[in-house]
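Asker:
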Amino acid sequence: MRAPDISVIVCTHNRSKELRRLLESLEVQKVDANSCWEVIIVDNNSSDDTRPVVERFADHSRLNLDYLLEKRQGKSHALNRGVSAARAPILAFTDDDVIADPWWVTEMLAATQAYDNNCFGGAVVAAWPDSAPRWLLKPHPRSPVGSAIVAHDLGPQPRFYTFRDDPPVGANLFFRRAVFDKYGGFRADLGPGSGARFAYGEDSEFCYRLMKAGEKILYLPQAKVFHPVDRRRMEKSYLRRWYFGNGRATVRMDGIPEGVKTCFKVPRYLLRKLGVGYLKYLGALLKEGREASFFYQLHVYRILGEVYESYLLLGRRQCGIQNLEMRDYESNREVS
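For the sequence shown, our numbering gives the first residue as 1464, with consecutive numbering after it.
Written out as structure tokens, the structure is:
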């Protein structure tokens, strides 16, 4: 049997309804008859009917579909398992709750033929319900739409990412396989199900790691997927938790420099950052009102997450525990 040109890897956990919707969108992809592609579903210990759903599609659809069970809990373990099982030179990643544009696979294949770089990120379009709150839809420079809502848009033209941009998101990434052979896989201490209290960062850390190593990541707006925004993500309590967790993940990804000056086991620069952020929030509350100032409040929650995770990491370091971020970075050679 001919090896596929591209492997689409999807990790899932107890979202069979959403997974079925994704598979339906993959089933109607407009792919050239001469192209060969496969879909790999990595089930991370689901207790619902995920496996029967995948098996029905494997038996009755035209998809070249494989099912894998990853028993180690954590999305990064599932991602790395998918990488190891993939047979194609191009590896694409998306989430189990998105809907792929009909031309998604074709656009990815075309991009890898037109460009020489190894790494790509596509657009993620938020699909809002009719009941979305106005305060969330209203444009604002600190709006969480591009992060907590899982949407990603860098404009209408292809361009390379910079460190000033929001990083590519795991719902729409694709790489040449050589990237994983050279840099390893996704960090197991980050991402959903990792055992940490924050379910973020495995995709961002991987992309930043590549960029720091000199790899260029190309943004391709025409390779797009749609992400339905569920009601939970539109609640202010959820957004506060997300931003707090995002701050923790940022520190876990970047680590803390040796010799940093601290106060109460927290880097002093973070305490200053927290003070400035809180003053900006108070100023926005007085000048712009409660609704607009909420986005400044979220920024404060992110800094609080950074403060909390820094406190934990510095405490472990003082106790002689090995640097977590380096230990988990090295553990990701499992996909090589």
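Don't be surprised by glycine CBs; every beta carbon is placed ideally from N, CA and C.
Cβ of Lys1687 within 8 Å of Cβ of Val1568?
Answerer: Residue numbering aside, residue 1687 sits at position 224 when the sequence shown is read from its first letter. Residue numbering aside, residue 1568 sits at position 105 when the sequence shown is read from its first letter. For Lys1687 and Val1568, no; Cβs fall outside 8 Å.
Asker: Suppose the cutoff is 6 Å on Cβ atoms and the five residues either side in sequence are ignored; what does the same chain contact list for Thr1575 look like?
Answerer: To locate residue 1575, count along the sequence shown from 1; it is residue 112. Contacts found: Ile1553.
Asker: Are there three or more Cβ pairs, one per stretch, closer than 8 Å when the region 1689-1697 is compared with the region 1743-1751?
Answerer: As far as the Cβ criterion goes, the region 1689-1697 does not touch the region 1743-1751, which means the pair count is below three.
Asker: Compute the beta-carbon to beta-carbon distance between Glu1501 and Arg1465, rounded to the nearest angstrom, for a pair I have assumed lies under 8 Å.
Answerer: Locating residue 1501 in the sequence shown gives position 38, where the first residue counts as 1. Locating residue 1465 in the sequence shown gives position 2, where the first residue counts as 1. Between Arg1465 and Glu1501 the Cβ distance is about 11 Å, and since that is not below 8 Å, they are no contact.
Asker: Identify every run of the alpha helix (DSSP H) within the region 1699-1725, keeping only runs that are complete inside it and at least 4 residues long; order them along the chain.
Answerer: Listed in chain order, they are 1699-1717.
Asker: In three-state DSSP terms, what is Ser1794?
Answerer: Numbered from 1 along the sequence shown, position 331 holds the residue referred to as residue 1794. Note on Ser1794: pLDDT 47, under 50, position unreliable in the model; the coordinate value appears next. In this structure, Ser1794 counts as helix in the three-state DSSP scheme.
Asker: Going by DSSP in three states, Leu1617 sits in which element: helix, strand or coil?
Answerer: As a first step, residue 1617 is located in the sequence shown; it is residue number 154 there, counting from the start. Leu1617 falls in the coil class under three-state DSSP.
Asker: Shortest alpha-carbon distance to Pro1592 belongs to which of Gly1584, Leu1702, Tyr1741, Ile1612?
Answerer: On the sequence shown, position 129 is the one that residue 1592 refers to. That would be Ile1612, whose Cα lies nearest to the Cα of Pro1592.
Asker: Along the chain, where does the beta strand (DSSP E) that runs through Gly1584 open and close?
Answerer: Stepping through the sequence shown from its first residue, residue 1584 is reached at position 121. Per DSSP, Gly1584 belongs to the beta strand (DSSP E) from 1582-1590.
Asker: Mind reading off the beta-carbon distance from Lys1679 to Cys1582? Whole number of angstroms is fine, and I expect it under 8 Å.
Answerer: As a working note, residue 1679 is residue 216 in the sequence shown. As a working note, residue 1582 is residue 119 in the sequence shown. With 8 Å as the limit, Lys1679 and Cys1582 qualify as a contact, their Cβ atoms being about 7 Å apart.
Asker: Would you say Arg1704 and Glu1772 are within 8 Å of each other, going by their C-beta atoms?
Answerer: Here residue 1704 corresponds to residue number 241 of the sequence shown, with the count starting at 1. Here residue 1772 corresponds to residue number 309 of the sequence shown, with the count starting at 1. No, these two residues do not count as a Cβ contact at 8 Å.
Asker: Extract the residue ranges of the alpha helix (DSSP H) inside the region 1725-1764, only unbroken runs of 4 or more that lie entirely within it.
Answerer: Listed in chain order, the complete alpha helix (DSSP H) runs (minimum 4 residues) inside the region 1725-1764 are 1731-1751.
Asker: Where do the ends of the alpha helix (DSSP H) carrying Trp1598 lie?
Answerer: Position 135 of the sequence shown, counted from the first residue, corresponds to residue 1598. Run containing Trp1598: 1597-1600, per the alpha helix (DSSP H) assignment.
Asker: Looking at Tyr1809: is its Cβ nearer than 8 Å to the Cβ of Asp1511?
Answerer: Given a span of 1464 to 1799 for the chain in the structure shown, any question on residue 1809 remains unanswerable.
Asker: In whole angstroms, what is the alpha-carbon distance linking Pro1515 and Lys1645?
Answerer: As a first step, residue 1515 must be located in the sequence shown, where it is residue number 52. As a first step, residue 1645 must be located in the sequence shown, where it is residue number 182. Distance between the alpha carbons of Pro1515 and Lys1645: 36 Å.
Asker: Based on DSSP bridge pairs, tell me the residues matched to Pro1691.
Answerer: Stepping through the sequence shown from its first residue, residue 1691 is reached at position 228. Paired residue(s): Ala1590.
Asker: Can you tell which of Gly1768, Leu1767, Tyr1741, Glu1769 has the C-alpha that lies nearest to the C-alpha of Ser1756?
Answerer: Numbered from 1 along the sequence shown, position 293 holds the residue referred to as residue 1756. Comparing Cα-Cα distances from Ser1756 to each of Gly1768, Leu1767, Tyr1741, Glu1769, the minimum goes to Tyr1741.
Asker: For Ala1555, write down the residues that DSSP places opposite it in a beta bridge.
Answerer: Here residue 1555 is taken as the residue at index 92 of the sequence shown, counted from 1. Note: Ala1555 sits in a beta bridge opposite Val1471, Phe1637.
Asker: Under 8 Å between the Cβ atoms of Val1491 and Thr1557?
Answerer: Counted from its first residue, the sequence shown places residue 1491 at position 28. Counted from its first residue, the sequence shown places residue 1557 at position 94. No.
Asker: Do you know offhand how far Asn1786's Cα is from Tyr1663's?
Answerer: Within the sequence shown, numbered from 1, the residue matching residue 1786 stands at position 323. Within the sequence shown, numbered from 1, the residue matching residue 1663 stands at position 200. In this predicted model, Asn1786 has a pLDDT of only 49, less than 50, meaning its place in the structure is not dependable; the value taken from the coordinates is given anyway. Those two C-alpha atoms are separated by around 19 Å.
Asker: In whole angstroms, give me the CA-to-CA distance for Ser1498 and Arg1525.
Answerer: Residue 1498 sits at position 35 when you count from the first residue of the sequence shown. Residue 1525 sits at position 62 when you count from the first residue of the sequence shown. The straight-line gap from Cα to Cα measures roughly 13 Å.
Asker: Apart from the five residues just before and just after Ser1539, which ones in its own chain have a Cβ nearer than 7 Å to its Cβ?
Answerer: Position 76 of the sequence shown, counting from 1, holds the residue named residue 1539. Answer for Ser1539: Phe1649, Arg1650, Ala1651, Leu1653, Gly1654, Ser1657, Glu1665, listed in chain order.
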